[in-house]
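So that you can map any letter, position 120 of the sequence shown is 120 in the UniProt record's numbering, and since no number is skipped, the others follow by simple counting.
Structure, as structure tokens:
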Amino acid sequence: MLKIAVPNKGSLSETAAQMLHEAGYNGRRDPKELIVADPRNGVEFFYLRPRDIATYVGSGALDVGITGRDLLIDSESPAAEIAALDFAASTFRFAGPAGTYTDLADLEGKRVATSYPGLVGGFLAENGVDAALIKLDGAVESAVRLGVADAVADVVETGSTLRKQGLEIFGPVILESEAVLVSSPSPAAGVDTLLRRLQGVMVARQYVLVDYNLPVALLEQAVALTPGVESPTVSPLGEPDWVAVRVMIKRDSTNHVMDDLYELGARAILVTSIHAARI
Ligand SMILES: Nc1ncnc2c1ncn2[C@@H]1O[C@H](COP(=O)(O)OP(=O)(O)OP(=O)(O)O)[C@@H](O)[C@H]1O
Ligand SMILES: O=P(O)(O)OC[C@H]1O[C@H](OP(=O)(O)OP(=O)(O)O)[C@H](O)[C@@H]1O
Ligand SMILES: [Mg+2]
């Protein structure tokens, strides 16, 4: 059985559980459950703290897991990222009191608060900056105001937490992070199936199917507008000189593509959701 680590709480847990559910797995019903077997799908789920997942997977105790790229790097575990999962995107940045710092070198000799000392320490060392790390569990944005640090390094999504504390981003991007699937150095069989299923969920979320009818003379221009993932399906219609086209397009481009197709001369343009996919 493939042993899969899943975040039990925090920012990643809900979407991770939802993705696994959409991928056909039977996860936990009770939020207090720590281990749930899904024998029909040949997997067993272990609900763990997101920060601990790379440690379990890197040690080989579990085969794969869902965590954040920032947590993976911070753990210094030998677990390897095998796929990005298209949620929980954030950047990892330095921030200090507005107007105080402009670049990384300004941190020389300063105190930097973070919950990610492995990630931040590695970045500072690579860049030859000697700063003291103050390790905190969370809410690090308060550390400057409270006088325990001169600057912070933390997850930034909208930037509103920083702004509320009078802090401003400066210096280089430490990391572009998002939720990832990580694997142990030698996982049990079945990782490929899990990965294909999760990719299917991502495709179903990102794409829609569009069908339209079109004078065959316009086909080349229409294919340029909707090239599809590989290539569109083109079928004959009862009406000679017309064809029916079926193709996948990015969900967020739907209305622009429909406008462009209509303008070109396509008619009966229909858009449908994709429930599941294997590409
Ligand atoms: N606002 C956010 N936007 C996107 N990703 C986030 C955000 N906050 C945390 N993350 C991601 O969540 C992961 C951290 O997991 P963690 O469980 O610590 O989340 P959390 O929301 O900080 O939980 P908690 O603070 O309740 O323990 C990291 O990969 C981090 O990049
Ligand atoms: O840029 P923003 O949209 O403001 O989001 C970023 C904030 O979200 C997370 O905090 P969380 O609520 O998880 O608290 P924590 O710092 O205690 O983990 C993260 O640690 C940042 O503080
Ligand atoms: Mg947090």
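Positions of the beta carbon are idealized from the N, C-alpha and C atoms, including for glycine.
Predicted model only: the values in this text are computed from it and were never measured.
Relative to ligand 2, the nearest heavy atom lies less than 7 Å away from the CB of A139. DSSP, read as helix, strand or coil, puts E44 in strand. Relative to the non-hydrogen atoms of ligand 1, the Cβ of D70 comes within a distance shorter than 7 Å of at least one. Annotation for F87: T15 and A179 place their beta carbon closer than 6 Å to its own, counting only its chain and skipping 5 residues before and after. If you draw a straight line from the Cα of A139 to the Cα of L175, it comes to about 19 Å. Relative to the non-hydrogen atoms of ligand 1, the Cβ of E157 comes within a distance shorter than 7 Å of at least one. Exclusion of D260 from the 7 Å shell around ligand 2 follows from its C-beta lying no nearer than that to any non-hydrogen atom of the ligand. Taking 4 residues as the minimum length, the alpha helix (DSSP H) runs contained wholly in the UniProt domain "ATP phosphoribosyltransferase catalytic" (49-199) are 50-59, 69-75, 117-126 and 160-164, in order along the chain. In the structure shown, P236 falls within a strand segment according to DSSP collapsed to helix, strand and coil. From the listed residues R51, F94 and G147, the smallest Cα separation to L71 is found for R51. Secondary structure at L34: coil, using DSSP grouped into helix, strand and coil.
Bridge partners of S273 according to DSSP: V208.
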